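If you count the sequence shown from 1, position 688 lands on 737 in my numbering, and the numbers rise without skipping.
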Amino acid sequence: MQQHLQELANIARGIHGIHWLSQSGAMGLAMQSFRVHKQNPVTCCQKRLQYMGEASREAHGQVQAVIMDLHKDSLIKPPYQPMADAELKACLSRLLFSWLSALQGGIVVGLIMWFWLVAFIIQMIRICDAGLSCSLQSRSVSENLYKEGDVIIGGLFPVHVESPEFDHAFTHIQHRSRCQGVDLRSYRWLKTMIFTVEEINQDPILLPNVTLGYLVADTCLAEGTTLSAALTLVTGQEETVSGAECNGAPMVPVIIGDARSSASIVVADTLGVFDIPMVSYFASCACLSDSRRFHSFMRTVPSDAFQAKAMARLLRLLDWTWVGVVAGDDEYGKSGSQLLLKELEGTGVCVDYVEVIPKSHSHSRIRRIVERIQSSTAHVVVTFAIGPDLEVVFKEMEVQNVTNRQWIATEAWSTSIQYSVPASIPLLAGTIGFALRRADIQGLGAFLAQLSPVKQPNEAFVKDVWEEIFGCSLAQDWQPSSKTPKCTGSENVEKHGRIYTDVSQLRVTYNVYKAVYAIANAIHNMMTCQPGRGLFEDGECPDVTRIKPRQLLHYLNAVNFTTPVGELVYFEDNGEPSASYDIMNWHVDESGAVNFVQVGQFDAAKGPGQELNINLEKVIWGGGWADQVPVSVCSASCYPGTRKAAQKGKPVCCFDCLPCAAGEISNMTDSTKCMRCPERFWSNNERTRCIPKVVEFLSLQDTMGIVLTVLSVTGATLTTTVLAAFFRHRDTPLVRANNSELSFLLLVSLTLCFLCALVFIGQPAPWNCMLRHTLFGVSFVICIACVLSKTVVVLVAFRATLPGSNLMQYFGPIQQRAGIFLCTLVQVVICLLWLLLAPPLPTESAGSELGARVILQCTVGSVVGFVLVLGYIGLLAVVCFLLAFFARKLPDNFNEAKFITFSMLIFCAVWIAFVPAYVSSPGKYTVAVEIFAILASSYGLLLCIFTPKCYIILLKPQKNTKKNMMVR
50 MQQHLQELAN
60 IARGIHGIHW
70 LSQSGAMGLA
80 MQSFRVHKQN
90 PVTCCQKRLQ
100 YMGEASREAH
110 GQVQAVIMDL
120 HKDSLIKPPY
130 QPMADAELKA
140 CLSRLLFSWL
150 SALQGGIVVG
160 LIMWFWLVAF
170 IIQMIRICDA
180 GLSCSLQSRS
190 VSENLYKEGD
200 VIIGGLFPVH
210 VESPEFDHAF
220 THIQHRSRCQ
230 GVDLRSYRWL
240 KTMIFTVEEI
250 NQDPILLPNV
260 TLGYLVADTC
270 LAEGTTLSAA
280 LTLVTGQEET
290 VSGAECNGAP
300 MVPVIIGDAR
310 SSASIVVADT
320 LGVFDIPMVS
330 YFASCACLSD
340 SRRFHSFMRT
350 VPSDAFQAKA
360 MARLLRLLDW
370 TWVGVVAGDD
380 EYGKSGSQLL
390 LKELEGTGVC
400 VDYVEVIPKS
410 HSHSRIRRIV
420 ERIQSSTAHV
430 VVTFAIGPDL
440 EVVFKEMEVQ
450 NVTNRQWIAT
460 EAWSTSIQYS
470 VPASIPLLAG
480 TIGFALRRAD
490 IQGLGAFLAQ
500 LSPVKQPNEA
510 FVKDVWEEIF
520 GCSLAQDWQP
530 SSKTPKCTGS
540 ENVEKHGRIY
550 TDVSQLRVTY
560 NVYKAVYAIA
570 NAIHNMMTCQ
580 PGRGLFEDGE
590 CPDVTRIKPR
600 QLLHYLNAVN
610 FTTPVGELVY
620 FEDNGEPSAS
630 YDIMNWHVDE
640 SGAVNFVQVG
650 QFDAAKGPGQ
660 ELNINLEKVI
670 WGGGWADQVP
680 VSVCSASCYP
690 GTRKAAQKGK
700 PVCCFDCLPC
710 AAGEISNMTD
720 STKCMRCPER
730 FWSNNERTRC
740 IPKVVEFLSL
750 QDTMGIVLTV
760 LSVTGATLTT
770 TVLAAFFRHR
780 DTPLVRANNS
790 ELSFLLLVSL
800 TLCFLCALVF
810 IGQPAPWNCM
820 LRHTLFGVSF
830 VICIACVLSK
840 TVVVLVAFRA
850 TLPGSNLMQY
860 FGPIQQRAGI
870 FLCTLVQVVI
880 CLLWLLLAPP
890 LPTESAGSEL
900 GARVILQCTV
910 GSVVGFVLVL
920 GYIGLLAVVC
930 FLLAFFARKL
940 PDNFNEAKFI
950 TFSMLIFCAV
960 WIAFVPAYVS
970 SPGKYTVAVE
980 IFAILASSYG
990 LLLCIFTPKC
1000 YIILLKPQKN
1010 TKKNMMVR
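Structure (structure tokens):
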């Protein structure tokens, strides 16, 4: 027999695709699966074929430790009938084809599978021919409660939280040991199932002629004990089962549980092969939504996919862009945290750390996790872990006095009063959590209060639960020296029942309630099925003489009913209910008690953007923030006028705020880029909006414009005054000796030079742009021509006094006028050509180098024309300067060549300095430089030439005589 079991173990390892499975564990899996199957070898082979297609595509790593604990389960020898050779060959061919297709070319592994399959078929024939009975090899570790009934409903509840250590070497049979640590909340769930079964049994409408029974087992919060308990529920615990008893449906056709996602995956993977339905009340892992892999799994709790989405919406709503995540080292924690991270992608929320709580609860690891939470700048911590895992973290945080964190709780502990003890209040006050829908179950509180070790002395779990509630001992060998007091058994459980009797937050409890009613309604629909209206082919009704799991599974998927509470319950295509969460907030009253206050709701049935609804005014925030919404960001928001610049090597939520460049703006908070202003606009000083650029030109309102205008008018007035003085004293020797006609013409032209500066001041227009340079050029040419003529006359006059000289006849008044006219005519021709070919016109200058200014100025039009005008003036000035320089030593009383020399020297110096100043001056200062050059040179001519004459005419009239003029 041992040889047969060894070979079957090898086959089980190959069939289930778990090549790392221990020999003893595989033997248990093979025997259990064969016994529950209760079908002929052909059907069994076909079932393996169907399952292998799934196993080849699904990872079963999470059940490794669980399967290795199966050595303590029943190893039952299946009595099968011999199968026909044709059927054997057909099944073998199909099995081989299935494996080879799944392996996709793995030749070596394919050969190994081939030998396994051949051994499997041969051993099946040998065992089927033997017709042996089955015997129980070991019993389940966990305790259970049983009540007889027409239909037995199984239940899995983690009443204890510490499972015993197993001998994974499988060298000997391990004796029965007990689980430790009672979870009062889970025990309340178990009692709720019993309460619901009894309530249904008393219902005259629902299952009127059927009595429901139950078989509930403790899972001890471990995968190994959970699977062992599940197999115990469906296979029974009889010491010996004959071959005839192996036929038919299992003892328990449906199981309620488990509470944990990891354990539910293991059980669903195992029992799903046999289509045994499971209805979980708290396993929320999104991975269980895979209806192909977990086709027999349903649940009354929403998938964590919705909870992750709700959390992401909440974080984004509250602008918490820098958070930490603490997850459990199980499917619930790992899957939930991964879903949350996926939901946060692209939302602007970043995760500073993801810490995983080890199942070993290693103190060093827990301390490191708390230190990471404390050192982080993220003030918001999102949790995805079950209560027992978080409890060790909370205790360590109490030790390290970390209280400045805002906690986001999942439905696993958001309304659990066992964490609202006085020591945890500073840490957890203000916690925001997502909770399952709450309901009031009539009569449950009174039923829970019936717990009594006196009335129920032999009932499983009662002793442990009572000791946990009251902190005392019911041990028969209790001694006065014991650390715990002795229980009387008459303690008031209703008053001091703590979380066990707390029916104010029935959420998971209500899920258990709904699960039982769902099964009852499915069985009721099976019982009341009318021929032709069934769920099977041609409306066939199920065989209700003994409920078969596969048939019950069909009716569970189609169930649709209203609970006594008034909620409509149904399962969607993937066996899940619609998702709805209450958003809870932990309020602490004056007495220090924690109240769970609903502040919002998340309903996935509502449209996008409408799912989350929260009243922030009712929220009391955690972490010491009181009435202010906590701030949890890596970098403070960038205000308008700045942009975000990512910090190298850090998440996108960590950034620097850089001011926008000139001419660019950002008018939103946390802008990622700055926008350039339109062409005629510029950014304000704050870089928050675009304002029209300042149109800049030299105007009469500018200080500089006013100063230049005053200088221009003053120069023109002074010149006019000199002209009037000369005209009044035109008959005096001084005026006549200095060629009064040229002096008058020179003063008139100087007046025009002073006045032409006014044309440069004001907003440029086509007319004044063309008038500026032409008036300036012609006026200065007349001035220089007059000065040149005077200089020539002086030189010729002194040369004419020499014997035999007859030069003066060539430099008479007519010749002087003709010379001035010709010189002026040349300039006029240049100006006319300039205006006709490329006239100066107004233009706007705008660019980043000018900033917020638009400069209006006159372009020269033709650079050649502008250079010719200035160059011609400069040529005449140089010639005049040279002639005056040659005449500087003539008699002082009559000679004005010295003054002309000084005036021309100033004139040339001014215009030489003008060129670089004009080129380098920006905007309106260019015009100002040109005006300054005009005024400076005009003042130089006026003062140097006419000041000495006015001095004599007005202040020294006694020197204004012909005799004085003739003195040498």
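By construction, the Cβ of each residue, glycine as well, lies at the ideal position given by its N, Cα and C atoms. Remember, it's a predicted structure, so these values are computed and weren't measured experimentally.
Inset, instruction - Take Cys993 and list the residues in its own chain whose beta-carbon comes closer than 6 Å to its own, dropping the five residues that flank it on each side. - result: Same-chain partners within the cutoff: Phe948, Phe951, Ser952.
Legend entry - the stretch 740 to 748 in contact with the stretch 902 to 920 per 3-pair CB rule at 8 Å: A contact between stretches requires three or more CB pairs, one per stretch, nearer than 8 Å, and the stretch 740 to 748 meets this requirement with the stretch 902 to 920.
Legend entry - Anticipated Cβ contact below 8 Å, Leu523 with Lys532, distance rounded: Not quite, the Cβ-Cβ distance comes to about 15 Å (not below 8 Å), so this is no contact.
Legend entry - Which listed residue (Thr840, Val827, Tyr330) has its alpha carbon closest to that of Phe870: Closest option to Phe870, judged by alpha-carbon separation, among Thr840, Val827, Tyr330: Val827.
Legend entry - Thr459 beta carbon less than 8 Å from that of Thr432: The criterion of a C-beta distance shorter than 8 Å is satisfied by Thr432 and Thr459.
Inset, instruction - Please report how far the alpha carbon of Met753 lies from the alpha carbon of Tyr921, in whole angstroms. - result: Taking C-alpha positions only, Met753 is separated from Tyr921 by approximately 29 Å.
Legend entry - DSSP-derived helix/strand/coil call for Pro1006: Pro1006 falls in the helix class under three-state DSSP.
Inset, instruction - Give every residue of the same chain whose Cβ lies closer than 6 Å to the Cβ of Val959, excluding the five residues on either side of it in the sequence, and list them in chain order. - result: So the list reads Ala982, Ala985, Ser986, once near-sequence residues are dropped.
Legend entry - 8 Å Cβ cutoff met for Val842 and Leu925: The Cβ atoms of Val842 and Leu925 lie no closer than 8 Å to each other.
Legend entry - Straight-line Cα distance separating Ser684 from Lys697: Approximately 14 Å between the Cα atoms of the pair.
Legend entry - For Gly658, the first and last residue of its enclosing beta strand (DSSP E): Note, Gly658: premise wrong, no beta strand (DSSP E); not H, not E.
Inset, instruction - Report all residues from its chain with a CB closer than 6 Å to the CB of Leu485; omit the five preceding and five following residues, and keep chain order. - result: So the list reads Glu460, Arg556, once near-sequence residues are dropped.
Legend entry - Alpha carbon of Ser340 to alpha carbon of Phe346, nearest angstrom: Rounded to the nearest angstrom, the two C-alpha atoms are 8 Å apart.
Legend entry - Ala317 to Asp379 span [Cα, whole Å]: Put simply, the backbone Cα of Ala317 is about 16 Å away from that of Asp379.
Legend entry - Simplified DSSP assignment, three categories, for Ile740: DSSP places Ile740 in strand when its eight states are reduced to three.
Inset, instruction - Excluding the 5 residues preceding and the 5 following Leu500 in the sequence, name in chain order all residues of the same chain whose CB lies nearer than 6 Å to its CB. - result: The residues are Val542.
Legend entry - Between the CA atoms of Val565 and Gly198 - distance to the nearest angstrom: Those two C-alpha atoms are separated by around 14 Å.
Inset, instruction - Leaving out five residues on either side along the sequence, give the residues of the same chain with a beta carbon under 8 Å from the beta carbon of Ala135. - result: With a pLDDT of 46 at Ala135, under the threshold of 50, the predicted position of this residue should be treated as unreliable, though the coordinate-derived value follows. Sequence-distant Cβ neighbours of Ala135 in its own chain, meaning closer than 8 Å and more than five residues away, do not exist here.
Inset, instruction - Pick out whichever of Lys563, Glu214, Gly397 has its Cα sitting closest to the Cα of Val350. - result: The option with the nearest alpha carbon to Val350 is Lys563.
Inset, instruction - May I ask you to verify whether the stretch 406 to 423 touches the stretch 372 to 391, counting CB pairs closer than 8 Å and requiring at least 3? - result: The stretch 372 to 391 and the stretch 406 to 423 touch, with three or more beta-carbon pairs separated by less than 8 Å.
Legend entry - Val405 beta carbon less than 8 Å from that of Leu390: Their beta carbons are not under 8 Å apart, which means Leu390 does not touch Val405 by this criterion.
Inset, instruction - May I have the straight-line CA-CA distance separating Arg736 from Val552, to the nearest angstrom? - result: Looking at the backbone, the Cα of Arg736 and that of Val552 are separated by about 59 Å.
Inset, instruction - Confirm the yes/no value for this check: CB of Val927, any heavy atom of the ligand ZN, distance under 7 Å. - result: Absent from the structure shown: the ligand ZN. Ligands present: none.
Inset, instruction - Following the continuous beta strand (DSSP E) through Trp674, name the residue where it begins and the one where it ends. - result: For Trp674, there is no enclosing beta strand (DSSP E), as DSSP marks it with neither H nor E.
Legend entry - Own chain partners of Leu932 with C-beta closer than 6 Å, once the 5 adjacent residues on each side are dropped: Within the same chain, Cβ atoms closer than 6 Å to the Cβ of Leu932 are found at Thr840, the five residues on either side in sequence being excluded.
Inset, instruction - Would you identify the three-state DSSP class for Gln619, choosing helix, strand or coil? - result: For the record, residue 619 in the displayed sequence is Tyr; it is not Gln. Here Tyr619 sits in strand by DSSP.
Inset, instruction - Can you have a look at Gln600 and say buried or exposed, based on whether 16 or more other CB atoms are within 10 angstroms of its CB? - result: Burial state of Gln600 is buried, judged by a 10 Å Cβ sphere holding 16 or more other Cβ atoms.
Legend entry - Straight-line gap, Leu652 to Ala628 (C-alpha atoms, nearest Å): Inspection of the sequence shows that residue 652 is occupied by Asp rather than by Leu. Asp652 and Ala628 have their C-alpha atoms some 6 Å from each other.
Legend entry - CB of Glu211 within 8 Å of CB of Phe510, strictly: No. Outside cutoff.
Inset, instruction - Tell me, please, whether the stretch 201 to 209 touches the stretch 260 to 267 by the rule of three or more beta-carbon pairs shorter than 8 Å. - result: Short answer: they touch.
Legend entry - Nonlocal neighbours in the same chain, by C-beta distance under 6 Å from Pro302, ignoring five residues either side: Non-local C-beta neighbours of Pro302 in its own chain, meaning closer than 6 Å and more than five positions away in sequence, comprise Ile596, Pro598, Leu601, ordered along the chain.
Legend entry - Range of the contiguous beta strand (DSSP E) that encloses Arg348: Looking at the DSSP string, the run of the beta strand (DSSP E) that includes Arg348 is 346 to 348.
Legend entry - Cβ-Cβ distance between Ala567 and Val208 below 8 Å: At a Cβ-Cβ threshold of 8 Å, Ala567 and Val208 do not count as neighbours.
Inset, instruction - For Cys578, collect the residues of the same chain with a Cβ closer than 7 Å to its Cβ; drop the 5 residues on either side in sequence, then sort them by chain order. - result: Excluding sequence neighbours, Cys578 sits near Cys590, Pro591.
Inset, instruction - Just mark Phe244 as buried or exposed, buried being the case when its beta carbon has 16 or more other beta carbons within 10 Å. - result: Classification of Phe244: buried, given that the 10 Å Cβ count is 16 or more.
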